[in-house]
Amino acid sequence: MCDPVVVKKRLPNPCNKVFSVFLFFALVLPVFIASPAYSEHGDIIINNYSDREGMRPVIFSHWFHRIRFRCRVCHTEVGFIMEAGGNKITMDKIIKGEYCGACHNGDIAWGVQNCDVCHSAIRGTKTGVRGSHRTKGPGKW
Amino acid sequence: MDKRDSVFVRLPLTCAMFCVVTFALSATIVWAGGAFTWVPLAKDKIHDPEGPAIKILQEPSAGLNMLPLDPSKVGNKVDWLKALAEGSINPLVSIYEDDMEMEVLDLDIMFPKTLEMPMVLFPHKKHTVWLDCENCHDSIFKMKKGGNPVDMYKILNGEFCGKCHGAVAFPLTECLRCHSVARKNASVTHKKRK
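As they're listed, the protein sequences go chains A and B.
Each step along the first sequence adds one to the number in the numbering used here, with nothing skipped, and position 54 is 435.
Each step along the second sequence adds one to the number in the numbering used here, with nothing skipped, and position 154 is 169.
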């Protein structure tokens, strides 16, 4: 493939260093630069009971809530433990004002009648954190 | 058959054209667009694109594009501390008390036993603008200097720092953000090593 006699007249020789560098910048680099950002980093999928009960699993997106509340609000005042799926949240508890229900009561945030806004994941998605090494690299997975 | 028409000539030609097109396209997206884009919810492979939530939920690009970009563009690409410091966001401190303020603790803890890596400096200040003391103490970290057997294996397994870092805070691929203090007599320094 790298016989210069064959390639010389029409095209740059792919074995040429300059051309290889061009190839790298043109083909390889844009793949890294142009890939759009995932906001998923910190999205929690909660599927303790949802699939079994015929609902879509719940997505809790940290970025959305973090813009509006400090960590302490949920992790101290409301009492969420820092483990995906570790809070055994049921709709019963939410309606009583525990967990999500501390805000999602129609007062601070919209109420529990909007089932599909939280239950919005692709069916069958497993409980866990989405993003970073937890799903993309070494570590737990 | 003419040698010049062989596959060895045409393949590079096709390649070259493909390169140019790809490069032009990506350049257009990245620079001419001028903006950094986030994957829309319908395509993030988590949200059900057929679900009714897609039209109701805030898109990440709408929520995050006003916030300062993370210097190394990791995670969800937002520099959250900067966002808080410069006032791009002002998240509620409490949902029960109106005039509550965060108890910010300005105390740096050094973890010197890091083998050949630079030492780890833990800044309480950066953490206490978001979190309460009891979020980490004593359930994750004992309140004693040197009293926590932290190692990278445990962190990668989601213990200690790994409870948040890698899940909701910047990921563990950002070694030098924590391992930030070079040893004075270090035989190996990571900046010099190439």
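Don't be surprised by glycine CBs; every beta carbon is placed ideally from N, CA and C.
Check                                                                                                                                              : Outcome
Looking at the structure shown, is A47/B part of a helix, part of a strand, or coil, going by DSSP?                                                : Any reading at A47/B must be qualified, since the residue scores a pLDDT of 41, below 50, and its modelled position is unreliable; no value is offered.
Taking only beta-carbon positions, decide if R511/A is within less than 8 Å of chain B.                                                            : yes
Can you confirm whether V135/B, when its beta carbon is compared against all beta carbons of chain A, has any partner nearer than 8 Å?             : no
Can G78/B and W444/A be called in contact, C-beta distance under 8 Å?                                                                              : yes
What residue range does the alpha helix (DSSP H) around G78/B cover?                                                                               : 75-79
Please tell me whether, using a cut-off of 7 Å, the distance from the CB of I440/A to the nearest non-hydrogen atom of the ligand NAP is below it. : Within the structure as shown, the ligand NAP is missing, as the structure has no ligands at all.
Going by C-alpha distance, which of K199/B, H180/B, A57/B is nearest C190/B?                                                                       : H180/B
Cβ atoms of V439/A and H500/A: under 8 Å apart, would you say?                                                                                     : yes
Just checking: is the beta-carbon of M436/A within a distance shorter than 8 Å of some beta-carbon in chain B?                                     : no
DSSP puts R511/A in a beta bridge; with which residues?                                                                                            : D424/A
Verify whether the separation of the beta carbon atoms of I476/A and G482/A is less than 8 Å.                                                      : yes
Buried or exposed: where does L36/B fall if 16 or more other Cβ atoms within 10 Å of its Cβ makes it buried?                                       : The amino acid at residue 36/B is misidentified as Leu; the sequence shows Val. V36/B is exposed by the Cβ-count criterion.
Listed in chain order, which residues of the region 470-483 of chain A have Cβ atoms closer than 9 Å to some Cβ of chain B?                        : A483
If you draw a straight line from the C-alpha of K160/B to the C-alpha of L122/B, how long is it?                                                   : 12 Å
Which residues bound the beta strand (DSSP E) around S124/B?                                                                                       : The sequence given here has Ile at residue 124/B, not Ser. Here the beta strand (DSSP E) through I124/B covers 123-126.
Between G48/B and the rest of its own chain, which residues show a CB-CB distance below 8 Å, the 5 nearest in sequence each way excluded?          : With a pLDDT of 42 at G48/B, under the threshold of 50, the modelled position of that residue is not reliable, and no figure is offered here.
So which of M167/B, A197/B, F23/B has the shortest CA-CA distance to M134/B?                                                                       : A197/B
How would you label L28/B, buried or exposed, when you count the other beta carbons within 10 angstroms and need 16 or more for buried?            : exposed
Can you tell which of P106/B, L96/B, M32/B, S154/B has its C-alpha closest to the C-alpha of I462/A?                                               : S154/B
Of the residues that make up the region 440-458 of chain A, which ones have a beta carbon closer than 7 Å to any beta carbon in chain E?           : Absent from the structure is chain E; the protein chains it does hold are A and B.
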